[in-house]
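>
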Amino acid sequence: KQEVTQIPAALSVPEGENLVLNCSFTDSAIYNLQWFRQDPGKGLTSLLLIQSSQREQTSGRLNASLDKSSGRSTLYIAASQPGDSATYLCAVSFGTQGGSEKLVFGKGTKLTVNP
Amino acid sequence: NAGVTQTPKFRILKIGQSMTLQCTQDMNHNYMYWYRQDPGMGLKLIYYSVGAGITDKGEVPNGYNVSRSTTEDFPLRLELAAPSQTSVYFCASSKNRVGAQYFGPGTRLTVL
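Protein sequence lines, in the order shown, are assigned to chains A and B. If you use my numbering, the first sequence corresponds to residues 1 to 115, in order. If you use my numbering, the second sequence corresponds to residues 116 to 227, in order.
1. Give a yes or no on whether 8 Å exceeds the smallest Cβ distance from A:Ser53 to chain B.
2. Under three-state DSSP, which class holds A:Pro169?
3. Nearest to A:Ala79 by alpha carbon, out of A:Leu48, A:Thr5, A:Pro14?
4. Taking Cβ positions only, does B:Phe218 come closer than 8 Å to chain A?
5. Please name the residue in B:Gly214, B:Thr201, B:Gly219 whose C-alpha comes closest to that of B:Ile130.
6. At which residue ranges does the stretch 178 to 220 of chain B contain complete beta strand (DSSP E) runs of 3 or more residues, listed in the order of the chain?
7. Between the alpha carbons of A:Leu49 and B:Val226, how many angstroms are there, rounded?
8. Going straight from the alpha carbon of B:Met147 to that of A:Leu75, what length do you get?
9. Using CA atoms only, rank isn't needed, just tell me which of B:Gln132, B:Thr122, B:Gln140 is closest to B:Asn116.
10. Counting only beta-carbon atoms, is B:Ala215 nearer than 8 Å to chain A?
11. For B:Asp153, which three-state DSSP category applies?
12. Our contact map puts B:Gly155 next to B:Tyr163 with C-beta atoms below 8 Å; I'd like the distance itself, whole angstroms only.
13. From this set, A:Gly43, A:Glu56, A:Ser28, which residue's C-alpha is nearest B:Gln216's C-alpha?
14. Name the two residues that bound the continuous beta strand (DSSP E) containing B:Met142.
15. Between A:Asn63 and chain B, is any beta-carbon pair separated by less than 8 Å?
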């Protein structure tokens, strides 16, 4: 079964700390991996998209890496700020036997950055 | 661009009622999706469409129907609402099968 796991479920850090969020997946036959941010009661905001042929993507203080062989991705947040507090979701686009793709979401890591 | 818009934002239904959740995107994306998000369960794909006139089932399609008559619109129909359909529903779109997905703000539905 194609699954996506995010550990830890919740993380609390002091402002200014660098941190890493983890995402693991069970099948290396993927099209891409996407990191989202979700604020309480809001929709999902796309942060970074890594295609299967790529190793990492960067946007501002965010850096996402992808290691297909080990089934892992990390989202690195530098110099965290209280405004970074949100739930971070990892979603993996898996190939299916029928030739289409299927996007599977992890349950998210709830990040709290304390002033 | 407004991106992906959804209406209504909130709705309360009685068991057995029906309703349509509206979704519109103005990015000329071919792919559109409907997800539901339940607490502690992550997002599950209900239906998706790869273009006007083409739809297909996702992981949890039972109790729902969709149509895609235009590129812009992808409504989700609930027939005979049940308490198990209480959830937050998100519509999303992407340019192609490997492109980033962009989400609407969601519709919070309660079935009593």
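Note that beta-carbon positions come from the ideal geometry of N, C-alpha and C, so glycine has one too.
Taking the definition as stated:
1. Walking along the first sequence from the start, residue 53 of chain A turns up at place 53. No, A:Ser53 does not count as interfacial toward chain B.
2. This structure cannot speak to residue 169 of chain A, because chain A is shown only from 1 to 115.
3. As a first step, residue 79 of chain A must be located in the first sequence, where it is residue number 79. Among A:Leu48, A:Thr5, A:Pro14, the Cα nearest to that of A:Ala79 belongs to A:Pro14.
4. Position 103 of the second sequence, counting from 1, holds the residue named residue 218 of chain B. True, the Cβ-Cβ gap to chain A drops below 8 Å.
5. Taking the second sequence and counting its residues from 1, one reaches residue 130 of chain B at position 15. Of the candidates B:Gly214, B:Thr201, B:Gly219, the one whose C-alpha sits nearest the C-alpha of B:Ile130 is B:Thr201.
6. Listed in chain order, they are 179 to 181, 191 to 193, 202 to 209.
7. Here residue 49 of chain A is taken as the residue at index 49 of the first sequence, counted from 1. Here residue 226 of chain B is taken as the residue at index 111 of the second sequence, counted from 1. Roughly 35 Å separates the two Cα atoms.
8. Reading the second sequence from its first residue, position 32 is the one you call residue 147 of chain B. Reading the first sequence from its first residue, position 75 is the one you call residue 75 of chain A. B:Met147 and A:Leu75: Cα-Cα distance of roughly 26 Å.
9. What you label residue 116 of chain B is simply residue 1 of the second sequence in a count that begins at 1. From the listed residues B:Gln132, B:Thr122, B:Gln140, the smallest Cα separation to B:Asn116 is found for B:Gln140.
10. Locating residue 215 of chain B in the second sequence gives position 100, where the first residue counts as 1. Yes, B:Ala215 lies at the interface with chain A (some Cβ there is under 8 Å from its Cβ).
11. The sequence position of residue 153 of chain B within the second sequence is 38, counting from 1. Here B:Asp153 sits in strand by DSSP.
12. On the second sequence, residue 155 of chain B is found 40 positions in, with the first residue counted as 1. On the second sequence, residue 163 of chain B is found 48 positions in, with the first residue counted as 1. About 24 Å separates the two Cβ atoms, so there is no contact after all.
13. The residue labelled residue 216 of chain B in the question sits at position 101 within the second sequence. The candidate whose alpha carbon is nearest that of B:Gln216 is A:Gly43.
14. On the second sequence, position 27 is the one that residue 142 of chain B refers to. No residue range can be given for B:Met142, since it is assigned to no beta strand (DSSP E) and is classified by DSSP as neither H nor E.
15. Taking the first sequence and counting its residues from 1, one reaches residue 63 of chain A at position 63. A:Asn63 is outside the set of residues whose beta carbon lies under 8 Å from a beta carbon in chain B.
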